[in-house]
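Down below is the structure, laid out as structure tokens.
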Amino acid sequence: MDRRTLALFAISSLLFGGTFVAAKAGLEYVPPLLFVALRFDVAAVVVLGYVLATTARAELVPKTSGDVAAVFATGVLVIGLTNAFLFVGQQYATSAVAAIVFSLNPVLTPAFAAVILADERLSIRGATGIALGLVGVALVVGPDSTALLGGDAIGTLVLFAGATSAALGVVAIRRVETTLSSTVRLAWGLPLAAALSHALSLSAGESIASVTWTAEAVIAIGYLALFAGAIAYVAYFALLEAAGAIRTNLVFYVVPVVSALGGWALLGEAIEPLALVGFAFVFVGFAVLESDSIGKLSPHSGVESAFRRSTEHDRPRADEEPRGYRAD
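Using UniProt numbering, the first residue of the sequence shown is number 1, and each one after it goes up by one.
This is the structure in structure tokens:
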């Protein structure tokens, strides 16, 4: 990777890692679902402004049923429900545990792809990788099965539902043909996610009157909307264009480290040894799943050629690893 690519990787990892710390801090003052909705309200305005300033008007409007389906999957599954589960679950789990559970996203995605996408089937190696990832989640929850009825374990299961929603969403996006760029889909998806979050917040009895407007609450919302929202996504998509989906996916294995250190430094959260072991299993599971592809990107096998192939086409190819987004 050149300096620009490394900088994009660092920005994405650091800003996404701060999501879990900011969410944990802000939840003391803002109800979880309303927190998500307010975050997306601000992020939607920022991203929409960016898209309007940088994209031709003819490329902004969904033209096909595939475009509509991709926007729906982006707004509802990948962004809306995923973050709703995240913020609710983080009331009962540390930011480190939340980051570790969400790092299952790239491990779960091939499992859904094998069922939904006809051109992708899991090999023995792939099944082994998924099994290792699930063992990691079990270690994060704890070895005692009776703990599943406890508050912390229930929070972890809610977080796991969020990771599942994200993985299912990216596979659904790959399942349809779309003419929209990833950033335009994001610009459409964020208002949809905001509307869904407001609806869930109202149904849960939350109200703006219950928000305690402190400096910490404003900073948390601002960080999640601007830095972990707009800026992080812009950096992420630029990284995707420069480095390809496989290396970009590795961002989500740096995120738990950033989150754990941030939670420890800013929130006084302990880093449990068992959670670290669980994270190791998740990482090994991903490495097993992607070992062939990562090998193809090694310095001895033509990195530049692999990078060029990853950016030749805007639309995801059938043989591309399942992330669900394409570079602009």
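The beta-carbon is built from N, C-alpha and C at its ideal position, and this holds for glycine as well.
Secondary structure at V176: coil, using DSSP grouped into helix, strand and coil. Counting along the chain, the unbroken alpha helix (DSSP H) around W264 starts and ends at 251-267. Runs of the alpha helix (DSSP H) lying entirely within the stretch 152-204 and spanning at least 4 residues, in chain order: 182-203. From the listed residues V135, F87, F112, G66, the smallest Cα separation to R185 is found for G66.
Bounds of the alpha helix (DSSP H) holding T82 are 82-89. In chain order, V140, P256, A275, G278, F279, V282 place their CB closer than 7 Å to the CB of I100, counting only its own chain and leaving out the 5 sequence neighbours on each side. By alpha-carbon distance to V211, the top candidate from E272, L157, E28, G133 is E28. Put simply, the stretch 11-29 does not touch the stretch 176-192. Fewer than three CB pairs are less than 8 Å apart. Of the residues L15, D2, R3, the one whose Cα lies closest to the Cα of V254 is L15. In the pairwise beta carbon analysis, the stretch 163-172 is classified as not touching the stretch 38-53: fewer than three pairs are separated by under 8 Å. The three-state reading of DSSP puts A56 in coil, since its state is none of H, G, I, E or B. The count of Cβ pairs closer than 8 Å, one atom from the stretch 86-97 and one from the stretch 154-162, reaches three, so the stretches are in contact.
Nearest C-alpha to V288 among P110, Y50, N83, F87: P110. Taking a cut-off of 8 Å on C-beta distances, the stretch 71-78 does not touch the stretch 223-240, as fewer than three cross pairs fall below it. Rounded to the nearest angstrom, the Cβ distance from S259 to F87 is 14 Å, too far for a contact under 8 Å. Sixteen is the threshold: since fewer than 16 other Cβ atoms of the shown chains lie within 10 Å of the Cβ of T214, the residue is exposed. In this structure, DSSP gives L104 a state outside helix and strand, which the three-state scheme calls coil. Close CB contacts of T64 within its chain, under the 8 Å cut and outside five residues either way in sequence, are with E177, T178, T179 (chain order). Beyond the five residues adjoining it in sequence on each side, L34 comes within less than 6 Å, by CB distance, of S201, E206 in the same chain, given in chain order. Straight across, the Cα-Cα distance linking L239 with A217 is about 30 Å. The continuous stretches of alpha helix (DSSP H) do not include V76, and DSSP gives it neither H nor E. Close CB contacts of G129 within its chain, under the 7 Å cut and outside five residues either way in sequence, are with V107, G285, F286, V288, L289 (chain order).
C-alpha of L6 to C-alpha of S182: approximately 21 Å in a straight line.
Between L81 and R175, the gap from beta carbon to beta carbon reaches 8 Å or more.
Taken atom to atom, the span from the alpha-carbon of A220 to that of P273 is near 28 Å. Under a 10 Å Cβ-count criterion, A199 is classified as exposed, with fewer than 16 other Cβ atoms of the shown protein chains found around its own Cβ.
Classified as buried, L104 has 16 or more neighbouring CB atoms from the shown chains inside 10 Å of its CB.
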